[in-house]
Structures are given as structure tokens and as C-alpha cells.
Amino acid sequence: PDVAIVLELIETLALPPMDSMSVEDARAFSIAMAADRPAGPDVGEIIDGVLPGAAGELDYRLYRPATPGPHPIVVYFHGGGWVLGSADSDDPLCRDLCVQSDAIVVSINYRHAPEDKFPAAPDDGFAAVCWVADNAARLGGIPVQLAVAGWSAGANIAAVACHLARDNNGPVIAGQLLLNPVTDCDLTRQSYIDNAEGYVFTTSLMQWFWDHYAEPADRLNPKASPLRASDLSNLPPAVVVTSEFDPLRDEGIAYAEAMLNAGVSVQHLSGRGQIHTSLTAVDLVLSGAPLREAMGAALREFFGAELILNEKMDKVD
Numbered sequence: 002p003d004v005a006i007v008l009e010l011i012e013t014l015a016l017p018p019m020d021s022m023s024v025e026d027a028r029a030f031s032i033a034m035a036a037d038r039p040a041g042p043d044v045g046e047i048i049d050g051v052l053p054g055a056a057g058e059l060d061y062r063l064y065r066p067a068t069p070g071p072h073p074i075v076v077y078f079h080g081g082g083w084v085l086g087s088a089d090s091d092d093p094l095c096r097d098l099c100v101q102s103d104a105i106v107v108s109i110n111y112r113h114a115p116e117d118k119f120p121a122a123p124d125d126g127f128a129a130v131c132w133v134a135d136n137a138a139r140l141g142g143i144p145v146q147l148a149v150a151g152w153s154a155g156a157n158i159a160a161v162a163c164h165l166a167r168d169n170n171g172p173v174i175a176g177q178l179l180l181n182p183v184t185d186c187d188l189t190r191q192s193y194i195d196n197a198e199g200y201v202f203t204t205s206l207m208q209w210f211w212d213h214y215a216e217p218a219d220r221l222n223p224k225a226s227p228l229r230a231s232d233l234s235n236l237p238p239a240v241v242v243t244s245e246f247d248p249l250r251d252e253g254i255a256y257a258e259a260m261l262n263a264g265v266s267v268q269h270l271s272g273r274g275q276i277h278t279s280l281t282a283v284d285l286v287l288s289g290a291p292l293r294e295a296m297g298a299a300l301r302e303f304f305g306a307e308l309i310l311n312e313k314m315d316k317v318d
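If you use the working numbering, the sequence shown corresponds to residues 2 to 318, in order.
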């Protein structure tokens, strides 16, 4: 019911579709929309820093738990269609993941399109994972307990980082948490039709993101569409989260199934009644709380804790 209330509120505002805006206006609009949201839970410490990306320095934000360290580390990539977003945009979710997983979360400000088109984002993502792995102890982390996570386009970057780590002899990644991931450039799956509009994130907006991010020929590259990789074996254990009323739902399920068929340990969290943006709305969409708790439990399980995941987590057949 809280998702429906949010949708009704947005409908009464009669907001213009983001894909009708310029990139600059869309960025300003997304920042304004997030201005009055709840902050998310308190963590032990938040530090902003700089790390080397693939072609220059990248800003990052580190969230440290209040519990005694050292801690496992999660490298996190924000959503926003490779065009929008920042550590600020996903701040409440990163706080929540830090608390739920009792792990350090390092949120990466990778380069954005259209100023820096494909493959800038995945190249930055892998460079950031390598740097965090090399500097884990200095950051207060446990070097052998490193996971990646992301939402939407950020989950795409996290997934691709796992491919690149496998193909480049490291770093070792303990697990991947993919929340509503972009895994393919094909926008004809049923969820793109069923959820084309009416749930905030639309099929036309996803097309707008792709058009800014990658040239048509590049979209078939597995670094852009990881579902199209010829080999999905030997990837880290994965938890894939999908939302019922999300255009991206079916490609997330397809990626989970493809990894499972390739011998990867995969678990699927299905967000019944959820939309693309609701699971990140910490302290606003409370119906997403059990799924967020299960995401934290999944991260702890990656790091070796003996935990039973939330009963809503079902293994993909």
C-alpha cells in the first residue's frame, strides 16, 4: 500500500517525464526530487575521498559501521542510467546496507554519459574495485572479504566488474548483490511492455538512458549487456533482486537464470508489489524493509556468516 500511495502522490504532481528533458535538466530534477527524503540510518563514520579511476580521479564516499572493525567491504555503484546519480543520490541505501551487513560500503562516483560514454563507467568500476581491494586494510577492511553491489545501471557496473575480475586474475570478489540490474539492451521483454509507464521508471526513460550511454553497436558488448557474455561461469556467488512492477524485471531474472545455468551460486529476491525505485527509498517505502534486510543478510552470507536468509529469498530454478 505504501508504494501505491507514493505513485498516487507522484501522479498528482503531474511531473514532466524525465526523458523529455535535457541531460542537465534531468540531473537538476533528480537532485531536487531527492532533497526532502529521509536520510536513512546512522552509521559509525562517513568519509569522502578520492581514488584513481580508469582515466583520472574519482570521488568516493565510505560508510563505516559503528561496530568494532576491521570489517568486510562492499564496493557500491549508484543507479541513474549511467547518466544521473552520485554518492548523494544513493546515500540512504548505502547507509542501510552498511548497517544491515555490518560492512564498510564504498560508494563510487564513476564517470557519466554522455560526457563519458561506454565503456567509461565499467572501466571506472573495475578500476575502483581493484583500488579498494589493494587498499582494503588501510580503509579498515578485511582484504579477503570484498563484495560488489549496485542498483540499476550501478548493478550493471557491479556485474561487469565481476566479469573483468574473473578475466584479469582478480581481485577476488566474494559476492555480487545486483538490485534491479540492467543486464541487456533488448527492451522488448514482457516486463518492458507490462510496466512501460505508470511506475515512475518507464521503458522510454530506459531507452533515453541507452541512447545517451552507448552507440547501438556497443550495446551488444558484454561490458554493456552482461547477459550477452558467451561465458558466465566462475563468477562470484550472486543475489539478484527484482521488482514486480519494473521494466527491468525480466532481464534481471534472465541474468540470474543464465548464471545459475553456468554453475554460479545464485539466489533471487523477488520484490512483490515493488517498483524500480521503491527498494532504495529507505525510511519512506517501509514495505521494502524485509527485502533490504535480506540484502544485508545476503552480504553477510557472502562474507561467511552462518545466516538464514529471509524467507522471501527463493533460489531461481
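Note that the Cβ used here is the ideal one computed from N, Cα and C, for glycine as well.
Predicted, not measured: the structure shown is a model, and the values here were computed from it.
To the nearest angstrom, report how far apart residue i and residue j are at their CA atoms.
{"i": "P172", "j": "A150", "result": "15 Å"}
{"i": "Q275", "j": "D247", "result": "8 Å"}
{"i": "D232", "j": "L165", "result": "12 Å"}
{"i": "K118", "j": "G82", "result": "11 Å"}
{"i": "E252", "j": "A295", "result": "21 Å"}
{"i": "R229", "j": "L236", "result": "14 Å"}
{"i": "N222", "j": "P69", "result": "43 Å"}
{"i": "H269", "j": "D26", "result": "35 Å"}
{"i": "R293", "j": "L280", "result": "7 Å"}
{"i": "W209", "j": "D37", "result": "26 Å"}
{"i": "A156", "j": "D195", "result": "22 Å"}
{"i": "L300", "j": "I47", "result": "20 Å"}
{"i": "A259", "j": "Q146", "result": "25 Å"}
{"i": "N1", "j": "I158", "result": "Nothing in the structure corresponds to residue 1, since the chain is present only between 2 and 318."}
{"i": "A263", "j": "A33", "result": "43 Å"}
{"i": "C131", "j": "V100", "result": "24 Å"}
{"i": "L285", "j": "A215", "result": "33 Å"}
{"i": "L8", "j": "A197", "result": "15 Å"}
{"i": "D43", "j": "R220", "result": "39 Å"}
{"i": "I6", "j": "A137", "result": "42 Å"}
{"i": "Q177", "j": "V75", "result": "9 Å"}
{"i": "E302", "j": "S23", "result": "42 Å"}
{"i": "K224", "j": "A121", "result": "10 Å"}
{"i": "T278", "j": "C95", "result": "14 Å"}
Taking 8 Å as the cut-off, decide whether the C-beta atoms of residue i and residue j are in contact.
{"i": "I11", "j": "V201", "result": "yes"}
{"i": "S234", "j": "G272", "result": "no"}
{"i": "V51", "j": "Y77", "result": "no"}
{"i": "L179", "j": "A160", "result": "yes"}
{"i": "N110", "j": "Y61", "result": "yes"}
{"i": "P144", "j": "A134", "result": "yes"}
{"i": "A175", "j": "F304", "result": "yes"}
{"i": "G80", "j": "A154", "result": "yes"}
{"i": "D89", "j": "V283", "result": "no"}
{"i": "P93", "j": "P39", "result": "yes"}
{"i": "G41", "j": "A67", "result": "no"}
{"i": "G1", "j": "P71", "result": "Any question about residue 1 goes unanswered here, given that the chain covers just 2 to 318."}
{"i": "P291", "j": "L249", "result": "no"}
{"i": "T204", "j": "Y193", "result": "yes"}
{"i": "H213", "j": "V4", "result": "no"}
{"i": "G199", "j": "A162", "result": "no"}
{"i": "G297", "j": "S102", "result": "yes"}
{"i": "P53", "j": "A104", "result": "no"}
{"i": "V267", "j": "A255", "result": "no"}
{"i": "C186", "j": "W211", "result": "yes"}
{"i": "D91", "j": "L206", "result": "no"}
Taking all protein chains shown into account, do 16 or more other C-beta atoms lie within 10 angstroms of the C-beta of residue i, making it buried, or fewer, making it exposed?
{"i": "L287", "result": "exposed"}
{"i": "T189", "result": "exposed"}
{"i": "R139", "result": "exposed"}
{"i": "T13", "result": "exposed"}
{"i": "P227", "result": "buried"}
{"i": "Q191", "result": "exposed"}
{"i": "E307", "result": "Bear in mind that the predicted position of E307 carries a pLDDT of just 34, short of 50, making it unreliable; the figure below should be weighed with that in mind. Under this definition E307 is an exposed residue."}
{"i": "L16", "result": "exposed"}
{"i": "S86", "result": "The sequence given here places Gly at residue 86; Ser does not occur at that position. Buried is the call here."}
{"i": "G289", "result": "buried"}
In the DSSP assignment, what are the bridge partners of residue i?
{"i": "G77", "result": "Residue identity differs from the one stated: residue 77 is Tyr in this sequence, not Gly. Answer is S108, A150."}
{"i": "S87", "result": "None; S87 has no bridge partner."}
{"i": "H72", "result": "G142"}
{"i": "Q268", "result": "V240"}
{"i": "L228", "result": "Note: L228 sits in no beta bridge, so no partner."}
{"i": "P53", "result": "E58"}
{"i": "E116", "result": "According to DSSP, E116 bridges with nothing at all."}
{"i": "R65", "result": "E46"}
Would you say residue i reaches chain B, if we count a Cβ-Cβ gap shorter than 8 Å as a contact?
{"i": "R28", "result": "Here there is only one protein chain, and chain B is not present."}
In the region 159-200, which residue ranges form an unbroken beta strand (DSSP E) of at least 3 residues, counting only runs that do not cross its ends? 176-180
4-residue-minimum alpha helix (DSSP H) runs that sit fully inside the region 244-303, ordered along the chain: 250-262, 290-303
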